[in-house]
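Protein sequences, first through last, are from chains F and D.
Counted the way our numbering counts, the first sequence spans residues 1 to 97.
Counted the way our numbering counts, the second sequence spans residues 1001 to 1301.
Every residue gets a Cβ at the ideal spot worked out from N, C-alpha and C, and that includes glycine.
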Amino acid sequence: MPDDHEINYNSYKELPPSPIATGSSLVFKTGGWRTMRPIIDLEKCKKCGICWKYCPDVSIIIVEDLPKVDLDYCKGCGICANECPFDAIVMVEEESI
Amino acid sequence: MKLTIPEQELMEKGHMACLGCGGSLAMRYLLKALGKDTMMAIPACCWAVIPGVFPYSCLEIPLQYVAFEATGAAISGMEAALKAKGKKDGVTVVGWAGDGGTVDIGIQALSGAVERGHDVKYVCYDNEAYMNTGIQRSSATPKGAWTTTTPVGNTRFWKQTNKKNIVEIMAAHDIPYACTASVAYPEDLIKKAKKMKDIKGPCYMHIYAPCPTGWKYPPEKTIELSRLATESCIFPLYEVTYGKYKINKDIKDEKKKPIIDYLRSQGRFRKLDEETIRSLQKHVDDEWIKLKKKVECFGEE
Ligand SMILES: Cc1ncc(C[n+]2csc(CCOP(=O)(O)OP(=O)(O)O)c2C)c(N)n1
Ligand code: SF4
Ligand code: SF4
Ligand code: SF4
Ligand SMILES: [Mg+2]
């Protein structure tokens, strides 16, 4: 599947014969829905992977063996902060950032 | 980083589910287990909206939308077509539907597919109501829950009947494998999904998938709530393999939580009175004892 590319049909003539989705949902930057932002304190993080495991939006990514929030897609549900056993994540109002 | 479930993601970011949706986690875990050689049919439900609008999709597998009542029939046809073309080997055919699409309108097609013995896997993500159309009760809605069609006011009070037990209905079909799973226990869910993939013949999985929007609780509580449902034996984790019962998460009597914490955590149970709560507790206790008896009588060695 081509990722992150918008598909534009300029006329009905360009439409495929049957409606088959060929694009990826990566075009939808759902981070715009967010009102609360998770902030990870890497000092407290014990690399247990629990935040990654429970994110419904696949928005905890692992970069150099550490968790990182993908702000383009994170909707700010707060599950990661609620489930982190080491209280390494806090939710902060977007407007205060 | 310590990862306890497969790293591969076949559900992309950018999907349309609400914040904290249990149903989206359920799909993420299922596909981690089944892998990319999976073909899926989805009827009308939240998951018909979650993948995104044409021409985009968050699922990296072939997916066919079908009519609300038709999931069981559709996957039967997909399996038969693959067989006719000699392409069934190594491909897992999955029907993925909501509770309404499974325990109500889709039950006939599901029953038929299971009775005919197609090699299909049917997975229901249970958010205990018709959520996509605005929180109407289904027969999977538990007794005592508020929904828009079981309103709580001066003349009417919450849902009056108990949740339909679809896993037992499936077991009564002599199905090779039927199980429950929960988004709070992804390792268990993935193990069961892999087991289904290896079994030839129909399998059924019922996933507990909380819905913050319809149950009226803050989205960060999805996992906490799911854990509580299992720890208070409202949603036990168990499986029935060729008629043999097994509880996958045993809850010792002294550890078993009262259902009141679970009820109090959700707006949909806000108005329940003491007497109803006592009767709900009794129902949960009775069902739990019944399940343990089944394990005693028809357990795996
Ligand atoms: C035959 C038919 N009747 C009604 C509908 C309207 N409808 C679409 S989704 C839906 C609710 C689905 O509920 P459920 O299966 O529990 O899935 P959920 O939305 O809760 O995820 C309904 C009633 C329909 N699409 N087709
Ligand atoms: S849950 Fe907490 S401790 Fe575990 S990896 Fe995430 S931030 Fe680190
Ligand atoms: S707030 Fe929710 S969506 Fe954002 S990273 Fe945490 S779990 Fe994922
Ligand atoms: S209404 Fe409920 S089940 Fe549907 S997408 Fe929203 S949270 Fe998920
Ligand atoms: Mg539903």
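Relative to ligand 5, Gly1095/D has its C-beta separated by 7 Å or more from all heavy atoms.
Residue pairing from DSSP places Thr1180/D in a beta bridge opposite His1206/D. In this structure, the CA atom of Thr1102/D is about 16 Å from the CA atom of Ile1135/D. Its Cα nearest to that of Glu1012/D, the residue Arg1028/D stands out among Gly1095/D, Ile1005/D, Arg1028/D and Leu1019/D. The shortest CA-to-CA distance from Lys1087/D to any of Asp1119/D, Tyr1130/D, Gly1144/D and Ala1113/D is the one to Asp1119/D. The residues Cys48 and Ile50, in chain order, have a CB closer than 7 Å to that of Pro85/F in the same chain once the five nearest residues on each side in sequence are set aside. With a threshold of 8 Å between beta carbons, Tyr12/F makes no contact with chain D. A Cβ-Cβ separation of about 14 Å leaves Lys1257/D out of contact with Leu1280/D under the 8 Å criterion. The CB of Phe1054/D comes closer than 7 Å to the CB of Pro19 and Ala21 in chain F, given here in chain order.
Distance from the C-beta of Pro85/F to the nearest heavy atom of ligand 3 is not below 7 Å. Ordered along the chain, residues surrounding ligand 4 are Ala1017/D, Cys1018/D, Cys1021/D, Gly1023/D, Cys1046/D, Asn1127/D, Met1131/D, Cys1211/D and Thr1213/D [Cβ under 5 Å from any heavy atom]. The three-state reading of DSSP puts Arg37/F in strand, counting E and B together. Under the DSSP assignment, Leu26/F falls outside any alpha helix (DSSP H); it carries neither an H nor an E label.
The beta carbon of Pro1151/D sits no closer than 8 Å to any beta carbon of chain F.
When distances are taken from the beta-carbon of Ser1139/D to the heavy atoms of ligand 1, even the shortest one reaches 7 Å or more.
DSSP places Cys1124/D in the uninterrupted beta strand (DSSP E) bounded by Lys1121 to Asp1126. Distances between the C-beta of Gly1101/D and the heavy atoms of ligand 1 include at least one below 7 Å. In this structure, ligand 1 has no non-hydrogen atom nearer than 7 Å to the beta-carbon of Thr1149/D.
It is roughly 24 Å from the alpha-carbon of Val90/F to the alpha-carbon of His1015/D.
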